[in-house]
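J.:
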Ligand SMILES: [Zn+2]
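Numbering (the working numbering), first residue to last: 2 to 512.
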């Protein structure tokens, strides 16, 4: 029996990027867009072009590079300037969509917009038409739809479809809906809007009560055929519906939902890790589908059952979501060939140059550390992504610390595109503080450290440490990660990554 396809609309780059501390550089956004295309999402909401020059540039470049493979969407308020700017950014995409929104709930009408119902309908119609003149594929969202009077919601939706909208998105903007109620909203629209057959109904649920995924799935049961969601459930406040949970629920319980998606599920885990690395937002260990513990069985009785038959305690296979465990795979004597196979198996395609670099690092790591795990290899590779565009590179450092000495650090650095080596030194409260100060001196930016933590990538006393930092400069937060068996080196890399990110952001928005 053929089942309906659900359109997966990913808004990691728009709603997700809007969450505090999750901002990405343009190059990082392109990297995410590439991963989303490979994951198989149907629509990528690439940003909100009028929000900043950086946002505009990112949407434009994503439209140019990926707009022939996946539909690229840009967001616009119901304002002429917004729509023109979005149209400008999207015009290079073969498959472009504009997402126009206007709040419809009484609380937003009265307190935010100060507009009557008639004015809302009129504005929505006019703006959908304007947008439609620029881009044929229009999605309209009545913001705060889940709290809008049903009769009025039907009226707005009907008029927006008449004006040219082919997707109607129903956002639960504040995360207030319950599954039953959300089901009823979608069903009510299906049954009472006369032209509803001309548009696809979509869900956009926030997770303030932890119900985003449940509400989205209730929407599907009521007839919605597009779900808006984000990788790792990123998004404003408590976030959006998690893409990986939606996709695996629809797949694992296909018997119940009787729909399917086009997602290449073994890419879920790698994509989740990529987003976590780029945004600095850690995935909680027990997170469904992509948490580190999602496929771990500790209890003896479960392990016993698993050995007899995996299905006793396992409803999904780890390989179906691309889960990478801490399997011992390679040691010092594993050759190039074995390493290349492993890298491929882990889902990476590396250029020859990068492969050589990673292989050298792997040999160096295997020298320091007896066992090299899959998670170590993934961390080594991920540690290199995006570095070619970093403005500053750390070549060497030296620290001195101990009891009764003043901690000092010296760094040798190089600017992208220049061969001149710049040296600086600084003292500090400890070796890490000293090195942070020395880095700031070279880069000539001063930042406040807001968050710092270290975690081990695999197990053992010789494990690689991954350091994450969050810094703040002029009220903007930037994060960075670093990886090494030496915690001072990992800290320096992480801090420099965050500084590089701040510099890139400045550049993108200076235009
Ligand atoms: Zn949202």
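Ideal Cβ placement from N, Cα and C applies to all residues, glycine included.
This one's a predicted model, so the numbers in the text were calculated from it and none came from an experiment.
Kindly examine ligand 1 and report whether one of its heavy atoms sits closer than 7 Å to the Cβ of residue 205.
T.: The answer is yes for residue 205.
J.: State yes or no: is the C-beta of residue 489 within less than 8 Å of the C-beta of residue 480?
T.: Contact flag unset, no.
J.: Give a yes or no on contact between the stretch 239-248 and the stretch 220-231, applying the rule of three or more CB pairs nearer than 8 Å.
T.: Judged by Cβ distances under 8 Å, the stretch 239-248 makes contact with the stretch 220-231, as three or more pairs qualify.
J.: Tell me whether residue 237 counts as near ligand 1, meaning its Cβ is closer than 7 Å to at least one heavy atom of that ligand.
T.: Flag set: Cβ of residue 237 near ligand 1.
J.: With which residues is residue 416 paired in a DSSP beta bridge?
T.: In DSSP, residue 416 forms a bridge with 393.
J.: Find the nearest neighbour of residue 236 within the set 13, 475, 483, 9, judged by alpha-carbon distance.
T.: Cα-wise, what sits closest to residue 236 is 13.
J.: Looking at the structure shown, is residue 468 part of a helix, part of a strand, or coil, going by DSSP?
T.: In this structure, residue 468 counts as strand in the three-state DSSP scheme.
J.: So which of 46, 31, 35, 9 has the shortest CA-CA distance to residue 17?
T.: Looking at the Cα atoms, 46 is the closest of the given residues.
J.: With respect to the alpha helix (DSSP H) encompassing residue 27, which residues constitute its N-terminal and C-terminal limits?
T.: First-last of the alpha helix (DSSP H) with residue 27: 27-40.
J.: Spell out a yes or no on whether the stretch 153-165 and the stretch 187-204 are touching, meaning 3 or more CB-CB pairs, one atom from each, closer than 8 Å.
T.: Segments in contact, yes.
J.: Distance, Cα to Cα, residue 83 vs residue 454?
T.: Computed Cα separation, rounded: 40 Å.
J.: State buried or exposed for residue 137, treating a residue as buried only when at least 16 other CB atoms are found within 10 Å of its CB.
T.: Exposed: under 16 other Cβ atoms inside 10 Å.
J.: Starting from the N-terminal side, write out each stretch of the alpha helix (DSSP H) that is 4 residues or longer and does not extend beyond the stretch 225-283.
T.: With a minimum length of 4 residues, the continuous alpha helix (DSSP H) runs that stay inside the stretch 225-283 are 244-253, 255-258, 269-280.
J.: Cβ of residue 310 less than 8 Å from any chain C Cβ?
T.: The question asks about chain C, but that chain is absent: this structure has only one protein chain.
J.: Where does residue 404 sit, in a helix, a strand or coil, going by DSSP?
T.: Residue 404 falls in the coil class under three-state DSSP.
J.: Taking only runs that begin and end inside the stretch 47-121, name each unbroken alpha helix (DSSP H) of 4 or more residues, in chain order.
T.: DSSP runs (the alpha helix (DSSP H)) wholly in the stretch 47-121: 54-67, 81-91.
J.: Do residue 54 and residue 426 have their CB atoms nearer than 8 Å?
T.: Result no, Cβ atoms of residue 54 and residue 426 do not sit closer than 8 Å.
J.: Less than 8 Å between C-beta atoms, sequence neighbours within five positions excluded: which residues of the same chain meet that for residue 369?
T.: So the list reads 463, 486, once near-sequence residues are dropped.
J.: Could you spell out the range, first to last residue, of the beta strand (DSSP E) harbouring residue 141?
T.: Element bounds for residue 141: 139-144.
J.: Cα separation between residue 166 and residue 338?
T.: For residue 166 and residue 338, the distance between alpha carbons rounds to 53 Å.
J.: Pull up the distance between the alpha-carbon of residue 180 and that of residue 222, whole angstroms please.
T.: Computed Cα separation, rounded: 10 Å.
J.: Could you have a look at residue 203 and say whether DSSP puts it in helix, strand or coil?
T.: Of the three classes helix, strand and coil, the one that applies to residue 203 here is strand, per DSSP.
J.: Cβ-heavy atom distance between residue 16 and ligand 1 below 7 Å?
T.: Yes, the beta carbon of residue 16 sits closer than 7 Å to at least one heavy atom of ligand 1.
J.: Closer than 7 Å to a non-hydrogen atom of ligand 1 - does that hold for the CB of residue 241?
T.: Answer for residue 241: yes, Cβ within range of ligand 1.
J.: Considering only their Cβ atoms, is the gap separating residue 93 from residue 61 smaller than 8 Å?
T.: The answer is yes: Cβ separation under 8 Å.
J.: Does the beta carbon of residue 432 fall short of 7 Å from some heavy atom of ligand 2?
T.: Because ligand 2 does not appear in the structure shown, any question about it cannot be addressed here, the ligands present being ligand 1.
J.: Measure the CB-CB distance between residue 59 and residue 132 and report whether it falls below 8 Å.
T.: Result no, Cβ atoms of residue 59 and residue 132 do not sit closer than 8 Å.
J.: Kindly indicate which three-state DSSP category residue 172 falls into: helix, strand or coil?
T.: Looking at residue 172 - three-state DSSP - the assignment turns out to be strand.
J.: Three Cβ pairs or more, each shorter than 8 Å: is that satisfied between the stretch 113-128 and the stretch 61-74?
T.: Touching, no, given that fewer than three Cβ pairs across the two stretches are closer than 8 Å.
J.: When we look at the beta-carbon of residue 216 and count the other beta-carbons within 10 Å, is it buried (16 or more) or exposed?
T.: With 16 or more Cβ atoms within 10 Å of its Cβ, residue 216 is classed as buried.
J.: Just the Cα atoms here: how many angstroms apart are residue 371 and residue 325?
T.: If I take the Cα positions, the gap works out to 20 Å.
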